[in-house]
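Notes to accompany the following structure.
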Amino acid sequence: MIPVARRVLRTVQLVCYALLPPTGGSADPAGAGEPRNCEPREIRGGMGRFLDSRGELRLFFDGCYATAAPFILFRLKREGFSRCSVRASERGLLVQGVR
Numbered sequence: 004m005i006p007v008a009r010r011v012l013r014t015v016q017l018v019c020y021a022l023l024p025p026t027g028g029s030a031d032p033a034g035a036g037e038p039r040n041c042e043p044r045e046i047r048g049g050m051g052r053f054l055d056s057r058g059e060l061r062l063f064f065d066g067c068y069a070t071a072a073p074f075i076l077f078r079l080k081r082e083g084f085s086r087c088s089v090r091a092s093e094r095g096l097l098v099q100g101v102r
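Residues 4 to 102 in the working numbering are what the sequence shown lists, from first letter to last.
Spelled out as structure tokens, the structure:
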């Protein structure tokens with residue numbers, strides 16, 4: 004279990020990176036249909052880097068609170084994703100989208 008202070012910090016980091024424009028980066032896809040564990044700082048290069056072979060995005064942010072969800076959805080829509088969703092669990096956030 005991640006301590007509350009660390010979860011708050013990870014959530015704030017995720018919100019900040021979601022609000023910043025993407026900087027570009029090399030592709031780092033996950034296997035088709037599998038969520039990829041992702042650190043908040045990794046989205047700085049753009050979320051399109053994590054698309055699988057079917058054009059689907061599945062990321063899991065461990066230890067982040069649901070308050071980051073609207074900011075992630077904002078970022079996804081800004082990058083051209085559709086059918087976006089963020090599901091919160093006790094462990095973190097599962098982010099899905101299609102491009």
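Glycine residues also receive a C-beta, built at the ideal position from the N, C-alpha and C atoms.
Keep in mind it's a predicted model, so treat the numbers as computed, not measured.
Find out if the Cβ-Cβ distance for the pair G48, P24 is shorter than 8 Å.
In this structure, P24 does not lie closer than 8 Å to G48 by Cβ.
On the CB-based measure, 16 or more other CB atoms within 10 Å of its CB, does R57 come out buried or exposed?
Residue burial annotation: R57 is exposed, with fewer than 16 other C-beta atoms found within 10 angstroms of its C-beta.
Kindly give me the distance between the Cβ atoms of F64 and G95, rounded to whole angstroms, as I take these residues to be in contact under 8 Å.
Confirmed, Cβ separation roughly 5 Å.
Given L97 as reference, the closest of P43, R81 and E82 once Cα atoms are compared:
When only C-alpha atoms are compared, the closest one is P43.
Checking 8 Å against the spacing of the C-beta atoms, do V18 and F74 come in under that value?
In contact: V18 and F74 (Cβ atoms closer than 8 Å).
Where A35 falls: helix, strand or coil (DSSP)
In the structure shown, A35 falls within a coil segment according to DSSP collapsed to helix, strand and coil.
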